[in-house]
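One structure below.
2 protein chains.
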Amino acid sequence: MKIALRHGAGGEETAQLIHDIFAFHFQNEILNRMEDAAVLPEMKGVPIFTSDSFVVEPLFFPGGDIGKLSVCGTVNDLACMGAKPLYLTASFILETGLETEALEKVVASMAATAEEAGVTIVAGDTKVVEGNGGLYINTAGIGVRPVGCGISAENLQAGDAIILTGTLGDHHATILTQRLEMETALQSDCAPLNHMVQAVLDAGVAVHAIRDITRGGLATVANELAEASGCRINLEEEKLPVSEAVKGLSGILGLDSLTMGNEGKMLMAVPEQEAEKALSILQKNKYGKDAAIAGKVTEGSLSADRPGQFPQSTATAGGRVAENLLKKNMRIYCQLRR
Amino acid sequence: MKIALRHGAGGEETAQLIHDIFAFHFQNEILNRMEDAAVLPEMKGVPIFTSDSFVVEPLFFPGGDIGKLSVCGTVNDLACMGAKPLYLTASFILETGLETEALEKVVASMAATAEEAGVTIVAGDTKVVEGNGGLYINTAGIGVRPVGCGISAENLQAGDAIILTGTLGDHHATILTQRLEMETALQSDCAPLNHMVQAVLDAGVAVHAIRDITRGGLATVANELAEASGCRINLEEEKLPVSEAVKGLSGILGLDSLTMGNEGKMLMAVPEQEAEKALSILQKNKYGKDAAIAGKVTEGSLSADRPGQFPQSTATAGGRVAENLLKKNMRIYCQLRR
Numbered sequence: 004m005k006i007a008l009r010h011g012a013g014g015e016e017t018a019q020l021i022h023d024i025f026a027f028h029f030q031n032e033i034l035n036r037m038e039d040a041a042v043l044p045e046m047k048g049v050p051i052f053t054s055d056s057f058v059v060e061p062l063f064f065p066g067g068d069i070g071k072l073s074v075c076g077t078v079n080d081l082a083c084m085g086a087k088p089l090y091l092t093a094s095f096i097l098e099t100g101l102e103t104e105a106l107e108k109v110v111a112s113m114a115a116t117a118e119e120a121g122v123t124i125v126a127g128d129t130k131v132v133e134g135n136g137g138l139y140i141n142t143a144g145i146g147v148r149p150v151g152c153g154i155s156a157e158n159l160q161a162g163d164a165i166i167l168t169g170t171l172g173d174h175h176a177t178i179l180t181q182r183l184e185m186e187t188a189l190q191s192d193c194a195p196l197n198h199m200v201q202a203v204l205d206a207g208v209a210v211h212a213i214r215d216i217t218r219g220g221l222a223t224v225a226n227e228l229a230e231a232s233g234c235r236i237n238l239e240e241e242k243l244p245v246s247e248a249v250k251g252l253s254g255i256l257g258l259d260s261l262t263m264g265n266e267g268k269m270l271m272a273v274p275e276q277e278a279e280k281a282l283s284i285l286q287k288n289k290y291g292k293d294a295a296i297a298g299k300v301t302e303g304s305l306s307a308d309r310p311g312q313f314p315q316s317t318a319t320a321g322g323r324v325a326e327n328l329l330k331k332n333m334r335i336y337c338q339l340r341r
Numbered sequence: 004m005k006i007a008l009r010h011g012a013g014g015e016e017t018a019q020l021i022h023d024i025f026a027f028h029f030q031n032e033i034l035n036r037m038e039d040a041a042v043l044p045e046m047k048g049v050p051i052f053t054s055d056s057f058v059v060e061p062l063f064f065p066g067g068d069i070g071k072l073s074v075c076g077t078v079n080d081l082a083c084m085g086a087k088p089l090y091l092t093a094s095f096i097l098e099t100g101l102e103t104e105a106l107e108k109v110v111a112s113m114a115a116t117a118e119e120a121g122v123t124i125v126a127g128d129t130k131v132v133e134g135n136g137g138l139y140i141n142t143a144g145i146g147v148r149p150v151g152c153g154i155s156a157e158n159l160q161a162g163d164a165i166i167l168t169g170t171l172g173d174h175h176a177t178i179l180t181q182r183l184e185m186e187t188a189l190q191s192d193c194a195p196l197n198h199m200v201q202a203v204l205d206a207g208v209a210v211h212a213i214r215d216i217t218r219g220g221l222a223t224v225a226n227e228l229a230e231a232s233g234c235r236i237n238l239e240e241e242k243l244p245v246s247e248a249v250k251g252l253s254g255i256l257g258l259d260s261l262t263m264g265n266e267g268k269m270l271m272a273v274p275e276q277e278a279e280k281a282l283s284i285l286q287k288n289k290y291g292k293d294a295a296i297a298g299k300v301t302e303g304s305l306s307a308d309r310p311g312q313f314p315q316s317t318a319t320a321g322g323r324v325a326e327n328l329l330k331k332n333m334r335i336y337c338q339l340r341r
């Protein structure tokens with residue numbers, strides 16, 4: 004069956020769709036009450052709140068799909084603040100022509116990913132728009148972190164080691180090759196990283212900042228953190244983890260893994276003396292096995308050097324890295340996301 | 004300037020757009036920190052969480068725009084649970100070709116509505132997709148309600164009075180006439196109703212259930228409440244508030260105000276002996292001046308009468324009402340929402 008406008012009319016067809024697909028796969032005590040809004044249990048700690056929309060095309064790709072992505076994205080944003088993700092909402096904008104079998108596959112994938120991440124999908128919404136079988140998903144998420152947790156983009160400190168939790172560019176390269184109809188063995192790195200982050204925090208590592216290295220890639224994330232904290236981030240090109248497959252593709256297509264998006268990788272800034280400890284915890288996790296210390300934080304600010312310009316990080320090693328970090332980050336990622 | 008794919012690439016153009024439009028209009032202490040997720044102050048009470056996407060076309064219409072709608076929708080969903088709305092996220096999917104002037108007008112409207120409702124927009128997201136100048140908005144919202152508050156779709160009780168907070172069909176009729184390029188004096192009823200609900204609750208009225216009468220109209224809402232509570236809702240046709248303008252249009256186009264969507268109207272179920280008190284509080288509010296007691300809750304269940312069918316409410320008076328309530332609710336609302 005294909006989605007039609009009547010599925011968004013709010014009547015029986017809408018109710019049936021919600022019942023058969025969303026309620027069936029997401030079912031839990033809170034959602035099942037089907038109120039206008041979800042009533043949550045008491046939460047202990049500082050509440051953290053975020054939201055993200057997902058527009059990736061194709062909807063299914065090696066290593067994941069838009070549903071998995073939509074849960075991982077919001078879960079990871081919460082984890083980046085040191086929070087334990089707890090509850091998600093899931094809102095769907097369905098284009099007419101979408102096969103309900105495809106929708107159900109996406110929803111089942113969301114449910115499985117939510118289960119892995121330990122989050123509950125407590126509320127949702129469905130709209131239908133005229134289109135060509137596409138699908139957009141928005142997830143919003145609430146988590147809690149301990150009182151006193153200071154993890155923040157503003158909290159980088161000179162001397163911090165910069166850890167990357169894995170290879171760069173895999174998601175970006177996968178989506179791009181799918182769109183170009185190239186046959187490769189590439190897989191998106193799309194993954195919920197909250198348990199991995201929690202393991203580092205539980206070990207008592209005084210993490211200063213975390214960012215997931217999504218749209219815009221490492222260059223953008225490093226720039227934003229350096230700007231927010233008023234410091235420099237020095238990355239060493241030869242230490243950046245990049246798979247041979249992504250390196251090969253980058254060579255062919257002229258891509259730069261520094262500006263390629265990832266959906267299961269993070270940058271973590273930790274005090275230098277705790278870097279090895281954090282690294283070994285990360286490497287024990289299946290999503291962190293390629294983690295590497297790839298740079299450090301130093302004093303200084305590029306805003307001062309280049310007034311009137313959007314702040315950029317520097318790189319100590321490799322002319323190519325420095326040059327790329329100083330280039331505009333505009334790349335194909337938005338097209339990737341359709 | 005028109006939105007282009009580069010505005011969604013995550014680089015300088017994205018940052019500039021966020022800086023110039025979203026951060027400029029929404030600015031507040033929490034959002035300004037521009038983390039991956041918002042760190043919220045402690046909240047006292049039971050947390051309530053919801054999300055809704057908005058796809059209305061045209062983006063601007065008499066009485067409102069997609070931005071105002073997106074704030075009201077989520078604020079009202081929280082208010083329907085007896086919650087005080089506190090924080091919203093705002094996520095935008097921009098189609099290429101959208102004029103940034105139009106986007107800014109929408110965002111300014113969201114900011115103004117958020118201010119009226121007393122909510123803070125603490126996080127957001129922007130994606131760009133190829134299209135024809137359209138715009139989708141998702142808002143998620145968190146509010147709190149007092150411990151012990153039992154307002155719920157499952158809480159209707161036989162004997163309750165059914166209050167409608169105003170005239171039916173105004174939003175629906177407005178959007179429809181805009182799309183048909185008909186000239187009328189119709190205005191959408193789009194409004195944040197949280198302060199009005201709060202006034203009723205503050206007066207100590209033991210409200211049993213509230214629903215905003217959006218997509219699907221009163222018929223759908225009444226059906227859902229009756230089903231959730233295992234009771235019947237009897238509405239009296241001659242007591243349903245409908246403006247002369249909507250009545251006239253309905254006559255011409257064959258519409259039924261029972262299935263027309265509203266964006267600033269609620270159904271409230273209160274104990275009969277408190278109905279007049281609630282009504283007079285509602286009527287003092289500018290959004291409730293046409294409030295009316297339009298029916299009552301009685302024992303019984305239509306599911307039992309019509310096994311295997313989707314449950315429907317009955318109407319005691321008026322063949323037309325009864326017939327319409329028993330018809331499928333599928334109407335043009337999803338097309339209205341594009």
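Top to bottom, those sequences are chains A and B.
Offset between the first sequence (1-based) and the numbering used here: plus 3.
Offset between the second sequence (1-based) and the numbering used here: plus 3.
Where a beta carbon is used, it is the ideal one built from N, C-alpha and C, also for glycine.
Neighbour flag for I51(B) against chain A, beta carbons, 8 Å: Output row for I51(B): interface = yes.
Contact set between Y90(B) and chain A, taken where Cβ atoms lie within less than 7 Å: Residues of chain A passing the Cβ test: F52.
Sheet register partners of P274(A) (DSSP bridge): DSSP lists no partner for P274(A).
Three-pair Cβ contact test at 8 Å for the stretch 86-93 of chain A versus the stretch 131-149 of chain A: By the criterion of at least three beta-carbon pairs nearer than 8 Å, the stretch 86-93 of chain A is in contact with the stretch 131-149 of chain A.
Inter-residue CB distance, L285(B) and M199(B) (contact presumed, cutoff 8 Å): Indeed, because the Cβ distance is near 6 Å, the residues count as touching under 8 Å.
Spatial distance of P50(B) from E118(A) (CA atoms): Roughly 22 Å separates the two Cα atoms.
Secondary structure, alpha helix (DSSP H): runs of 4+ residues fully inside the stretch 225-303 of chain A: You should have 247-256 and 278-287.
Inter-stretch contact at 8 Å, needing at least 3 Cβ pairs: the stretch 166-175 of chain A / the stretch 255-264 of chain A: The stretch 166-175 of chain A makes contact with the stretch 255-264 of chain A, as at least three CB pairs between them are under 8 Å.
Per-residue burial, K5(A) [other beta carbons within 10 Å of its own, 16 or more giving buried]: By the neighbour-count criterion, in which 16 or more other beta carbons inside 10 Å mark a residue as buried, K5(A) falls on the exposed side.
C-alpha distance - E45(A) paired with D205(B), whole-angstrom precision: CA-to-CA, the gap between E45(A) and D205(B) works out to about 23 Å.
Continuous alpha helix (DSSP H) stretch holding D173(A): start and end: It spans D173 to R182 - the alpha helix (DSSP H) in which D173(A) sits, taken as one unbroken run.
Beta carbon proximity, C83(A) to chain B, threshold 8 Å: Residue contact check for C83(A) against chain B: a CB pair falls below 8 Å.
Residue environment, S2(B), which counts as buried when at least 16 other CB atoms sit within 10 Å: It is not possible to answer for residue 2(B), since the shown part of chain B is limited to 4 through 341.
Exposure of E247(A), with buried meaning 16 or more beta-carbon neighbours within 10 Å: By the Cβ neighbour-count rule, E247(A) is exposed, with fewer than 16 other Cβ atoms within 10 Å of its own.
Exposure of G153(B), with buried meaning 16 or more beta-carbon neighbours within 10 Å: Taking every protein chain shown into account, the CB of G153(B) has fewer than 16 other CB atoms within 10 angstroms, so this residue is exposed.
Nonlocal neighbours in the same chain, by C-beta distance under 6 Å from T129(B), ignoring five residues either side: Around T129(B), the same chain offers F95 as residues with beta carbons nearer than 6 Å, after the five sequence neighbours per side are excluded.
Whole-angstrom C-beta distance between H28(A) and A114(A), which should lie under 8 Å: That belief holds up - the Cβ atoms of A114(A) and H28(A) are roughly 4 Å apart, short of 8 Å.
For G127(B) and T319(A), the rounded distance between their alpha carbons: Unreliable positioning characterises T319(A) in this predicted model, as indicated by a pLDDT of 30, which lies under 50. A coordinate reading is not provided.
Environment of L183(B) [buried if 16+ CB atoms lie within 10 Å]: Answer is exposed; the Cβ neighbour count stays below 16.
Proximity below 8 Å, CB of K242(A) to CB of I296(A): Taking 8 Å as the cut-off, the beta carbon of K242(A) is found closer than this to the beta carbon of I296(A).
CB contact below 8 Å: I21(A) versus chain B: No, because no Cβ of chain B sits closer than 8 Å to the Cβ of I21(A).
Contact with chain B by A294(A), beta-carbon distance below 8 Å: Answer no: the Cβ-Cβ gap between A294(A) and chain B never drops below 8 Å.
Chain B within 8 Å of L43(A), Cβ atoms only: Under the Cβ criterion of 8 Å, L43(A) is counted among the residues facing chain B.
Same chain, Cβ closer than 8 Å to A161(B), neighbours up to 5 away in sequence not counted: Cβ contact annotation for A161(B) (same chain, cutoff 8 Å, sequence separation greater than five): C234, V300, T301 and E302, in chain order.
Classification of K71(A) by the beta-carbon crowding that lies within 10 angstroms, buried from 16 upward: It counts as buried.
G66(A) versus K289(A): straight-line alpha-carbon distance, rounded: Using only the alpha carbons, I get a separation of about 14 Å.
Environment of D23(B) [buried if 16+ CB atoms lie within 10 Å]: By the Cβ neighbour-count rule, D23(B) is exposed, with fewer than 16 other Cβ atoms within 10 Å of its own.
Cβ-Cβ distance between F64(B) and Y90(A) below 8 Å: No; because the gap between Cβ atoms is not below 8 Å, this pair is not in contact.
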